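Asker: My structure is below; once you've seen it, I'll send some questions.
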Amino acid sequence: MPQNYSVARSLEIYERAGELIPGRTQLISRRSSQFAHGMSPIYAQRAKGARFIDVDENEYIDWVNAVGAIILGHADDVVDTAVKEQIDRGSLYTVNNALEIELAELLNEVIPSSEMVRYTKSGGEANAMAARIARGVSGRDIILFSGYHGWHDWYQSANYLVDPESGEFPFAGIEPIGVPKVLAGTALPFVWGNLESLETLLKEHAGSVAAIMMEPLRSEMPPQGYLEGVKALAKAHDVILIFDEVSCGWRLRIGGAQELVGATPDMTVLAKAMSNGYPMGAVVGSRDVMQPAAQMFISSSYWSDNLGLVATLVTIRELQRRDSAKRFEEIGETLRIALNKAIADVGLSGACTGLFWNPSITLDLPNEALRPKVNTLFIQEMARRGVHCNMSFKATLAHTQEDIQATANIATQALAVVKKGLDSGDLDNLLQSDLKKEPFRRLVR
Ligand SMILES: Cc1ncc(COP(=O)(O)O)c(C=O)c1O
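Okay, so the sequence shown: first residue is 5 according to our numbering, each after it adds one.
Here it is in structure tokens:
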């Protein structure tokens, strides 16, 4: 462990951000409060492959990867060369770029349920587009959802209601300030994994539901037959089924979770991971559902940007060429086994579990109230030894066996510190960071 490890420069810049940028960052998951504030890096100056260097010149193995948006690895040579060549030809033309059609054909080829395609620049925007299309096609207003779907009004209006599981706001800690109250009741959450709760809502709002929008899965496989059951309910109630594959997407399969599970939706929302970090999103779906969008006001200048198109085309081809699904499974499984060994070696109880694309550590604790301290201490001890992570790990294809082994070795040391704190009952003494905050719960595990 470097004796003189410091993130002083990051902290100094973050302080200035407080004066200039409300909330300090553009994405809530990038706030320093999500990590070990005081010890985790906050600002990077360069990144390559599986690593980045922060503004204090510390180097880290990266297991966050722009919250999943980097899938091949930072600054991938093949994607970046193609993007640079496109920059030289023009980043945004006055007329259209035929690459839009080439990419649509490729998306139709790789995504089982795709027949027509629209583009966006982000995931939240793509979800808002899908919601608009579903409402436009059906002539109905209510969207039943299960998952995180972005910052737009249609979705955040659900925070005027309560979480069906906990009875609290679906997004505890984030208030729906600025979201029109008249939208309350137009987006209703349902419990993932429970067909009955969905059916009850469909019956209660019969004739008013436009769509079921859901993350098909996150870190766990859905219960056997669950997604097929959702599809059958959607069909029985004549409701459009939308899969938000922004997060789970292409680490599982290039065609998304739907390719792995076999249940297909009417519409699919894509963004992070499709373009290795270049802004890009898409809504794809059946001809029946997508064609009517031609009559709807769905239009934005930068949706025609050339760089996202090129980056996406090349990212898909590189995922195919590098046999991504097999490789992600190898990386995820090897990491999971190595982290479980680390937990056992230091004598802690707990496990690294979850699907290979997002293995997560959960330690068994004598008291649940200790979890924020334990998690923060783990992240802190990983950071100071050169691993940037949360309690879950998202790989890229650039992560090597050496990166996995180095991460496991460092995790063994970090977990030993956690054990020391738990054994002594004095975690506070070991913490040199503010406690990590959980900004909102996600409805899908
Ligand atoms: C499932 C899901 N949908 C939508 C979004 C929103 O995407 P963006 O942050 O690009 O707006 C995210 C972002 O994390 C997500 O995980």
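Virtual Cβ for every residue (Gly too), placed ideally from N, Cα, C.
In this text, all values refer to a predicted model and were calculated from it rather than measured experimentally.
(1) What alpha helix (DSSP H) runs, 4 residues minimum, are completely inside the segment 75-126?
(2) For Asn280, which of Asp84, Tyr9, Arg50 has the nearest alpha-carbon?
(3) Can you look up Tyr152 in the DSSP assignment and give me helix, strand or coil?
(4) Label Arg257 either buried or exposed according to how many other C-beta atoms from any shown protein chain fall within 10 Å of its C-beta, with 16 as the threshold for buried.
(5) The alpha helix (DSSP H) with Phe332 in it runs from where to where?
(6) With DSSP run on the structure shown, which of helix, strand or coil describes Thr190?
(7) Starting from the C-beta of Gly128, find all residues in its chain whose C-beta is less than 6 Å away, skip the five residues before and the five after it, and write them out in chain order.
(8) Cβ of Asp248 versus every heavy atom of ligand 1: is any distance shorter than 6 Å?
(9) Counting Cβ pairs, one atom from each stretch, are 3 or more of them under 8 Å apart for the segment 224-237 and the segment 199-209?
(10) Decide if Ser364 is buried, meaning its Cβ has at least 16 other Cβ atoms within 10 Å, or exposed.
(11) Compute every distance between the C-beta of Ser10 and the non-hydrogen atoms of ligand 1, then say whether any falls below 6 Å.
(12) Check for me: the alpha helix (DSSP H) holding Met294 runs from which residue to which?
(13) Since Phe56 sits in a beta bridge, which residues does DSSP pair it with?
(14) Straight-line CA distance for Asp145 to Ile137?
(15) Here's the rule: buried if 16 or more other CB atoms are within 10 angstroms of the residue's CB, otherwise exposed. What is Asn379?
(16) Is the segment 353-368 in contact with the segment 315-323, if contact means three or more CB pairs nearer than 8 Å?
(17) Helix, strand or coil for Gly533, going by three-state DSSP, please let me know.
(18) Excluding the 5 residues flanking Gln160 on each side, which residues of the same chain have their C-beta closer than 6 Å to its C-beta?
(19) Apart from the five residues on each side of it in sequence, which residues of its chain come closer than 6 Å, Cβ to Cβ, to Ser37?
(20) For the alpha helix (DSSP H) containing Phe382, name the first residue and the last one.
(21) What are the partner residues of Gly354, as DSSP defines its beta bridges?
(22) Please classify Ala40 as buried or exposed, where buried requires at least 16 neighbouring CB atoms within 10 angstroms.
(23) Between the Cα of Lys398 and those of Ala267, Ser251, Leu381, spot the shortest distance and give me the residue it belongs to.
(24) Exposed or buried, what is Phe301 when buried is set at 16 or more other beta-carbons lying within 10 Å of its beta-carbon?
(25) Hey, is the segment 43-54 in contact with the segment 73-82, meaning 3+ C-beta pairs nearer than 8 Å?
(26) Where Asn131 and Glu63 are concerned, what is the direct C-alpha to C-alpha distance, given to the nearest angstrom?
(27) Buried or exposed for Thr404, please, with buried defined as at least 16 other CB atoms from any protein chain shown within 10 angstroms of its CB.
(28) Please state whether DSSP places Ile258 in a helix, a strand or coil.
(29) Between Ala402 and the rest of its own chain, which residues show a CB-CB distance below 6 Å, the 5 nearest in sequence each way excluded?
(30) For Thr272, which residues does DSSP report across the bridge?
(31) Can you determine whether any heavy atom of ligand 1 sits closer than 6 Å to the C-beta of Gly143, and answer yes or no?
Answerer: Taking the structure as given:
(1) 81-93, 103-114
(2) As a working note, residue 280 is residue 276 in the sequence shown. The option with the nearest alpha carbon to Asn280 is Asp84.
(3) Residue numbering aside, residue 152 sits at position 148 when the sequence shown is read from its first letter. Coil at Tyr152, not helix or strand.
(4) By 1-based counting over the sequence shown, the position of residue 257 is 253. Classification for Arg257: buried.
(5) Walking along the sequence shown from the start, residue 332 turns up at place 328. It spans 328-349 - the alpha helix (DSSP H) in which Phe332 sits, taken as one unbroken run.
(6) What you label residue 190 is simply residue 186 of the sequence shown in a count that begins at 1. Coil.
(7) Position 124 of the sequence shown, counted from the first residue, corresponds to residue 128. Excluding positions up to five away in sequence, the list reads Gly154, Trp155, His156.
(8) Within the sequence shown, numbered from 1, the residue matching residue 248 stands at position 244. True, at least one ligand heavy atom lies under 6 Å from that Cβ.
(9) yes
(10) As a first step, residue 364 must be located in the sequence shown, where it is residue number 360. Buried.
(11) For the purposes of this step, residue 10 is identified with residue 6 of the sequence shown, where counting begins at 1. Every heavy atom of ligand 1 is 6 Å or more from the Cβ of Ser10, so no.
(12) The count along the sequence shown starts at 1 and reaches residue 294 at position 290. Taken as a continuous stretch (DSSP letters only), the alpha helix (DSSP H) holding Met294 covers 291-294.
(13) Residue numbering aside, residue 56 sits at position 52 when the sequence shown is read from its first letter. Ala51, Tyr64, per the DSSP bridge assignment.
(14) For the purposes of this step, residue 145 is taken as residue 141 along the sequence shown, with counting starting at 1. For the purposes of this step, residue 137 is taken as residue 133 along the sequence shown, with counting starting at 1. If you take the alpha carbons of Asp145 and Ile137, they lie about 11 Å apart.
(15) Residue numbering aside, residue 379 sits at position 375 when the sequence shown is read from its first letter. With 16 or more other Cβ atoms within 10 Å, it is buried.
(16) no
(17) Any property of residue 533 remains undetermined from this structure, which presents the chain solely from 5 to 449.
(18) Start at 1 with the first residue of the sequence shown, and residue 160 comes out as number 156. Only Pro180, Val183 meet the Cβ criterion.
(19) Against the sequence shown, residue 37 aligns to sequence position 33. Contacts found: Lys441.
(20) Taking the first residue of the sequence shown as position 1, residue 382 is located at position 378. First-last of the alpha helix (DSSP H) with Phe382: 375-388.
(21) Locating residue 354 in the sequence shown gives position 350, where the first residue counts as 1. Gly354 pairs with Leu367.
(22) Position 36 of the sequence shown holds residue 40. Classification for Ala40: buried.
(23) Taking the sequence shown and counting its residues from 1, the one referred to as residue 398 is at position 394. For Lys398, the nearest C-alpha among the options comes from Ser251.
(24) The sequence position of residue 301 within the sequence shown is 297, counting from 1. So Phe301 ends up on the exposed side.
(25) yes
(26) As a first step, residue 131 must be located in the sequence shown, where it is residue number 127. As a first step, residue 63 must be located in the sequence shown, where it is residue number 59. Asn131 and Glu63: Cα-Cα distance of roughly 35 Å.
(27) On the sequence shown, position 400 is the one that residue 404 refers to. Label assigned to Thr404: exposed.
(28) For the purposes of this step, residue 258 is identified with residue 254 of the sequence shown, where counting begins at 1. Looking at Ile258 - three-state DSSP - the assignment turns out to be coil, as it is neither helix nor strand.
(29) In the sequence shown, the residue the question calls residue 402 occupies position 398. Answer for Ala402: Gly53, Ala54, Gly77, listed in chain order.
(30) To locate residue 272, count along the sequence shown from 1; it is residue 268. Partner(s): Phe247, Val288.
(31) Taking the first residue of the sequence shown as 1, we reach residue 143 at position 139. Because no heavy atom of ligand 1 lies under 6 Å away, the Cβ of Gly143 does not count as near it: no.
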